[in-house]
Amino acid sequence: MDVSQYLEIFIDETKEHLQTLSDQLMILEQEPENMDTINEIFRAAHSLKGMAGTMGYKRMQRLTHDMENVFQEVRSGNMTVKSELVDVLFRGLDALESYLANILETADEGTEDNDEIINTLNSIADAATGKTSGEKPAEVAAAPAPEGNVPDGGAKYGSIHITDFEKNTFEKAKAQNQNIFGVTVYLQESCILKAARAFLVFKALEELGEVIKAVPDVQDIEDEKFDMDFSLVYFTKESLDKVKAAVENVSEVKEAIVGPFEIVLDATEPEVKPEPEPVKEEPKEAEKPKPAAQPAAAKAAAKPAEAAQPAAKKSTAKPAVGRTVRVDIEKLDVLMNLVSELIIAKNGLVSINSTEEDTKSDAAFNEQIEYLESVTTSLHESVMKVRMVPIENVVNRFPRMIRDLSKKLNKKMELHMTGEETELDRTVIDEIGDPLQHLLRNSADHGLEDNDERIALGKEEVGNIYLDAYQDGNNVNIEVRDDGAGINVDKVRNKAIEKGTITAEQAENMTDKEIIDLLFRPSFSTAEKITDVSGRGVGLDVVKTKIEGLGGNIECKSVMGEGSSFIIRLPLTLAIIQALMVELGTEKYAIPLGSIETIEDVLVTDIKYVQTKEVINLRGTVIPLIRLDQILDIEASGNETESLTVVIVKKSNKLAGLVVDNLIGQQEIVIKSIGSYINCSKMIGGATILGDGEIALILEVNALV
Amino acid sequence: MEEISDVQNIEIAGEGKQYIVVRLGTEQYGIDIKYVDNIVRNQRITRVPKAQHYFKGVINLRGEIIPVMSLRLKFGLEPDEYTNATRIIIIKLEQQSPIGIIVDEVKEVVTLTGGSIDKANTSDPSDPLIQYLSGVGKHGNGLISLLNISAVIVGRESKDVV
Numbered sequence: 001m002d003v004s005q006y007l008e009i010f011i012d013e014t015k016e017h018l019q020t021l022s023d024q025l026m027i028l029e030q031e032p033e034n035m036d037t038i039n040e041i042f043r044a045a046h047s048l049k050g051m052a053g054t055m056g057y058k059r060m061q062r063l064t065h066d067m068e069n070v071f072q073e074v075r076s077g078n079m080t081v082k083s084e085l086v087d088v089l090f091r092g093l094d095a096l097e098s099y100l101a102n103i104l105e106t107a108d109e110g111t112e113d114n115d116e117i118i119n120t121l122n123s124i125a126d127a128a129t130g131k132t133s134g135e136k137p138a139e140v141a142a143a144p145a146p147e148g149n150v151p152d153g154g155a156k157y158g159s160i161h162i163t164d165f166e167k168n169t170f171e172k173a174k175a176q177n178q179n180i181f182g183v184t185v186y187l188q189e190s191c192i193l194k195a196a197r198a199f200l201v202f203k204a205l206e207e208l209g210e211v212i213k214a215v216p217d218v219q220d221i222e223d224e225k226f227d228m229d230f231s232l233v234y235f236t237k238e239s240l241d242k243v244k245a246a247v248e249n250v251s252e253v254k255e256a257i258v259g260p261f262e263i264v265l266d267a268t269e270p271e272v273k274p275e276p277e278p279v280k281e282e283p284k285e286a287e288k289p290k291p292a293a294q295p296a297a298a299k300a301a302a303k304p305a306e307a308a309q310p311a312a313k314k315s316t317a318k319p320a321v322g323r324t325v326r327v328d329i330e331k332l333d334v335l336m337n338l339v340s341e342l343i344i345a346k347n348g349l350v351s352i353n354s355t356e357e358d359t360k361s362d363a364a365f366n367e368q369i370e371y372l373e374s375v376t377t378s379l380h381e382s383v384m385k386v387r388m389v390p391i392e393n394v395v396n397r398f399p400r401m402i403r404d405l406s407k408k409l410n411k412k413m414e415l416h417m418t419g420e421e422t423e424l425d426r427t428v429i430d431e432i433g434d435p436l437q438h439l440l441r442n443s444a445d446h447g448l449e450d451n452d453e454r455i456a457l458g459k460e461e462v463g464n465i466y467l468d469a470y471q472d473g474n475n476v477n478i479e480v481r482d483d484g485a486g487i488n489v490d491k492v493r494n495k496a497i498e499k500g501t502i503t504a505e506q507a508e509n510m511t512d513k514e515i516i517d518l519l520f521r522p523s524f525s526t527a528e529k530i531t532d533v534s535g536r537g538v539g540l541d542v543v544k545t546k547i548e549g550l551g552g553n554i555e556c557k558s559v560m561g562e563g564s565s566f567i568i569r570l571p572l573t574l575a576i577i578q579a580l581m582v583e584l585g586t587e588k589y590a591i592p593l594g595s596i597e598t599i600e601d602v603l604v605t606d607i608k609y610v611q612t613k614e615v616i617n618l619r620g621t622v623i624p625l626i627r628l629d630q631i632l633d634i635e636a637s638g639n640e641t642e643s644l645t646v647v648i649v650k651k652s653n654k655l656a657g658l659v660v661d662n663l664i665g666q667q668e669i670v671i672k673s674i675g676s677y678i679n680c681s682k683m684i685g686g687a688t689i690l691g692d693g694e695i696a697l698i699l700e701v702n703a704l705v
Numbered sequence: 001m002e003e004i005s006d007v008q009n010i011e012i013a014g015e016g017k018q019y020i021v022v023r024l025g026t027e028q029y030g031i032d033i034k035y036v037d038n039i040v041r042n043q044r045i046t047r048v049p050k051a052q053h054y055f056k057g058v059i060n061l062r063g064e065i066i067p068v069m070s071l072r073l074k075f076g077l078e079p080d081e082y083t084n085a086t087r088i089i090i091i092k093l094e095q096q097s098p099i100g101i102i103v104d105e106v107k108e109v110v111t112l113t114g115g116s117i118d119k120a121n122t123s124d125p126s127d128p129l130i131q132y133l134s135g136v137g138k139h140g141n142g143l144i145s146l147l148n149i150s151a152v153i154v155g156r157e158s159k160d161v162v
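Sequences listed follow chains W and S, in order. For the first sequence, position 621 matches number 621 in the numbering used here, and the numbering has no gaps at all. For the second sequence, position 38 matches number 38 in the numbering used here, and the numbering has no gaps at all.
Set out below in structure tokens:
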């Protein structure tokens with residue numbers, strides 16, 4: 001079957017399920033008894049298995065199947081959730097993710113069998129059901145012949161064996177005055193959807209009591225891996241007749257044999273152990289012809305080669321799946337409506353044009369233009385909304401990361417996240433993951449103190465890391481905070497002097513904040529020592545570059561002993577911005593409105609000099625002046641005026657005044673790149689095309705100030 | 001046909017390649033037609049501050065912003081004098097964004113077979129232009145310097161001649 005057309009859906013949904021699994025596992029580790037969580041996990045694992053099977057990803061299916069077995073045991077109460085179990089399950093999830101990554105690249109799941117994880121999972125599951133792995137071969141041998149031991153009149157339930165562990169639950173049930181029945185259900189020969197019928201039977205039974213064990217097991221029944229009958233052990237407070245009636249009520253059930261169940265212990269009748277192993281056998285056999293299915297030892301040796309293979313593939317093959325955005329259908333409807341309005345507006349203009357010359361009125365024309373304007377504005381907003389993705393998509397992998405880090409670093413820590421629903425442009429979302437991960441790692445590794453140290457300092461033992469996202473005007477702020485040791489400014493200062501980044505005199509005059517900003521300098525990231533001392537600076541320049549590349553900025557605040565916080569400020573959208581158009585000589589430039597504070601007229605006589613640099617004193621604040629015409633090599637107009645037009649811009653909390661010749665006005669501009677050929681300085685952030693086809697360059701305020 | 005082995009960059013033996021012949025000052029240069037996306041009349045070029053000196057700026061070509069380079073400046077010749085014949089040739093290399101180059105005049109399209117192309121004379125290191133050439137074509141009575149266009153666009157001006 002050609003399933004390639006479903007590949008995208010498969011990938012999307014698999015991602016969702018994996019995320020659910022990861023989230024729920026985290027919860028499960030905290031609250032091992034939470035039935036809702038277990039059920040949720042079970043559902044996700046089950047759908048995952050089904051989907052992988054449908055798409056023909058055998059290895060993925062096998063791994064999920066075995067994970068599901070474990071979940072099944074947890075769900076039926078045969079196993080308690082321990083940290084080790086969660087570890088193995090997480091490793092399973094990682095393996096599934098790497099399958100998915102492979103599929104994403106090559107549409108193929110790759111050849112990694114992950115036997116080790118599967119074996120661990122199986123041994124955990126077996127341990128829970130009371131089997132030892134040594135028993136397995138015997139079981140397999142016994143499996144083909146369970147039918148041979150059918151006692152009295154088709155009541156196959158008599159042959160269900162009960163493990164010691166399950167015996168305990170029996171005793172409990174007895175103590176609670178529950179009836180223990182064995183039930184064997186025969187379906188009609190004509191029944192087509194056996195699994196569905198079986199499901200209905202289970203459903204009917206579960207309304208009245210509890211199904212303890214089924215033969216074949218529930219999984220196989222769901223997969224229709226049974227003949228016309230199945231048996232189960234059942235606890236209920238209802239009477240035998242009522243149970244029988246409930247089962248026989250399900251259509252296409254031929255007969256239900258219900259009777260009191262006597263416990264048959266493992267030890268006494270090992271040969272009738274009816275747990276059919278073929279399910280576990282089957283996938284293994286299917287795998288055999290493939291070259292990858294080798295003994296585990298050979299497997300380990302083959303691993304590096306296999307690891308290299310997908311990497312090689314990556315470079316040659318294009319990703320099998322393109323980048324997509326899932327769009328809420330409502331957003332699309334809005335878009336559709338706006339496009340209709342656009343057409344109406346166009347028709348309005350056409351009709352004005354075609355009416356007789358004398359009736360053509362400016363008023364009607366202007367009206368249509370205004371209408372057109374409002375439609376295009378709404379259209380712009382809607383298209384932008386389509387590109388907006390909640391930040392959740394990026395941050396939801398972090399709890400897991402922190403959990404792993406916590407184990408690895410042997411520090412107790414907790415991640416608190418807020419504002420996951422904050423939306424950002426898709427392009428930003430794609431890029432922001434790595435910097436955030438970097439900052440979180442920094443916080444976990446260097447920011448937080450060791451547990452003992454924390455106790456000694458009188459802090460709570462568990463370190464806290466916060467990730468807060470929130471919208472702030474036209475920006476989105478993401479804050480990574482910890483309550484650790486904070487940055488030791490003096491040490492950074494000393495190191496900076498030692499390294500020659502700054503001179504001792506400079507250091508004297510620098511504020512703590514300026515010193516902290518040094519950590520974002522590229523030279524600091526390579527300095528190994530400084531990271532040991534300050535605990536910060538590893539690749540922070542990379543983080544900064546990336547964020548500035550996205551049109552945002554990052555700042556760091558730190559209080560010794562109380563922790564530090566990194567605040568990332570990102571623009572909501574990238575492609576279209578509001579800008580102030582200004583004239584310099586004969587050239588036009590755009591200044592993004594987001595960075596403009598105010599516009600002032602300054603008398604030439606009010607310009608003061610500080611260290612030969614021009615400054616103005618604006619309502620008590622000293623602001624340096626930047627002569628744009630000099631910086632941008634524009635021929636001066638020559639005529640000195642009495643006052644200057646100064647655009648006051650702001651970068652984080654630094655102000656500067658840009659001197660311009662003329663203001664043209666505010667305009668919505670579409671940012672276009674000027675390509676990579678021209679090595680202009682960072683001052684030009686791009687270009688835009690004005691209404692008359694002329695090009696205006698966009699000034700990058702961050703680089704100017 | 002025997003000469004083909006001597007000639008660089010010949011892909012289709014026998015059929016030859018088409019070149020757009022342009023004029024810079026008194027010399028003729030040939031640009032492989034497969035890289036030529038478009039030829040437009042000279043139009044208003046917006047200066048980009050702090051750019052390399054041979055970049056005249058950017059133009060708006062039907063909504064796309066395209067950087068424009070002066071071949072004359074790149075080759076160390078006199079600055080351009082814009083005339084009615086001045087054209088901007090939009091070059092599109094594979095996988096790269098388009099770029100415009102200013103030429104004095106676009107003359108014709110010629111087809112050069114392998115036999116009429118000589119290898120560029122790399123033995124004369126004094127000629128700084130040699131790195132930008134892929135060969136010399138003979139057409140009629142004239143000679144056409146064939147441009148190695150990717151070297152012209154990507155290559156650094158101060159690159160040492162090997």
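A virtual CB, placed ideally from N, CA and C, is assigned to each residue, including glycine.
Candidates P592(W), Y466(W), E583(W): which alpha carbon is nearest I577(W)'s?
P592(W)
Just checking: is the beta-carbon of G551(W) within a distance shorter than 9 Å of some beta-carbon in chain S?
Taking Cβ atoms only, chain S never reaches closer than 9 Å to G551(W), which makes this a no.
Whose C-alpha, out of S134(S), I153(S), V154(S), is nearest the C-alpha of Y163(S)?
There is no way to answer for residue 163(S), as the model of chain S reaches only from 1 to 162.
Determine which residues of the segment 675-699 of chain W have a Cβ less than 8 Å from any Cβ of chain S, and write them out in chain order.
Here the close residues are G675, S676, Y677, I678, N679, C680, S681, M683, I684, A687, I689, G693, E694, I695, A696, L697.
Quick one: Cα of H438(W) to Cα of R426(W), how far?
20 Å
Let's test the definition: count the other Cβ atoms within 10 Å of the Cβ of R536(W) and tell me whether it reaches 16, buried, or not, exposed.
Note that R536(W) scores a pLDDT of 44, beneath 50, so its modelled location is shaky; the value from the coordinates is reported in the next line. Classification for R536(W): buried.
Take I38(W) and list the residues in its own chain whose beta-carbon comes closer than 6 Å to its own, dropping the five residues that flank it on each side.
Excluding sequence neighbours, I38(W) sits near V74, R75.
Is it right to say P435(W) is buried, meaning 16 or more other beta carbons lie within 10 angstroms of its own, or is it exposed?
buried
Within chain S, the residues that L632(W) reaches when beta carbons sit closer than 8 Å:
P49, K50
With a cut-off of 9 Å, does the C-beta of P67(S) fall near any C-beta of chain A?
The structure shown contains no chain A; the protein chains it does contain are W and S.
Using only the alpha-carbon positions, how far apart do E635(W) and D118(S) sit?
47 Å
Can you pull out the residues from the segment 579-605 of chain W whose beta carbon lies closer than 9 Å to at least one beta carbon of chain S?
Here the close residues are E587, K588.
Roughly how many whole angstroms lie between the Cα atoms of L572(W) and I90(S)?
34 Å
N- and C-terminal bounds of the beta strand (DSSP E) containing I567(W)
563-571
Count the other CB atoms, across all protein chains shown, that sit within 10 Å of the CB of T120(W); report buried if there are 16 or more and exposed otherwise.
The residue is buried, with at least 16 neighbouring Cβ atoms inside 10 Å.
Tell me which residue opens and which closes the alpha helix (DSSP H) that G686(W) is part of.
Per DSSP, G686(W) belongs to no alpha helix (DSSP H); it is in the beta strand (DSSP E), 684-689.
I want to see whether chain W comes within less than 9 Å of N60(S), judged by CB atoms only; does it?
Taking Cβ atoms only, chain W reaches closer than 9 Å to N60(S), which makes this a yes.
Reference Y6(W), options M55(W), E587(W), E40(W), closest by Cα
M55(W)
Where DSSP assigns a beta bridge to H139(S), which residues make up the other side?
G142(S).
Use the C-beta contact count for E112(W): other C-beta atoms within 10 angstroms, 16 or more gives buried, fewer gives exposed.
Per the 10 Å Cβ criterion, buried.
Rounded distance between the beta-carbons of I567(W) and E479(W), thought under 8 Å
5 Å
State the beta-bridge partners of Y186(W) as determined by DSSP.
Answer is D229(W), E255(W), bridged to Y186(W).
Within 9 Å, strictly: CB atoms of V389(W) and M417(W)
Cβ distance not < 9 Å, so V389(W) and M417(W) don't count as in contact.
Quickly, what does DSSP pair F55(S) with across the bridge? List them, please.
M69(S)
Under a CB-based cut-off of 9 Å, is K331(W) close to chain S?
no
Indicate the three-state DSSP secondary structure (helix, strand or coil) for Y57(W) in the structure shown.
Looking at Y57(W) - three-state DSSP - the assignment turns out to be coil, as it is neither helix nor strand.
Closest to G620(W) by CA distance: which of S595(W), E587(W), L655(W), L644(W) is it?
L655(W)
For L85(W) versus L21(W), is the C-beta distance shorter than 9 Å?
no
In terms of residue numbering, what span does the alpha helix (DSSP H) encompassing G433(W) cover?
426-442
List, in order along the chain, the chain S residues whose C-beta lies closer than 7 Å to that of K672(W)?
I65
Buried or exposed, going by whether 16 or more other CB atoms sit within 10 Å of the CB of T503(W)?
exposed
Under 8 Å from the C-beta of R23(S): neighbouring residues of chain W
None at all; the shortest Cβ gap to chain W is about 24 Å.
Mapping DSSP to helix, strand and coil, what is S406(W)?
helix
Give the straight-line distance between the Cα atoms of V542(W) and K672(W), rounded to the nearest whole angstrom.
When rounded, the separation of the alpha-carbon atoms in V542(W) and K672(W) is 24 Å.
Residue interval of the beta strand (DSSP E) (run including K654(W)):
654-660
Should T83(S) be flagged as near chain W, meaning a C-beta pair shorter than 9 Å?
no
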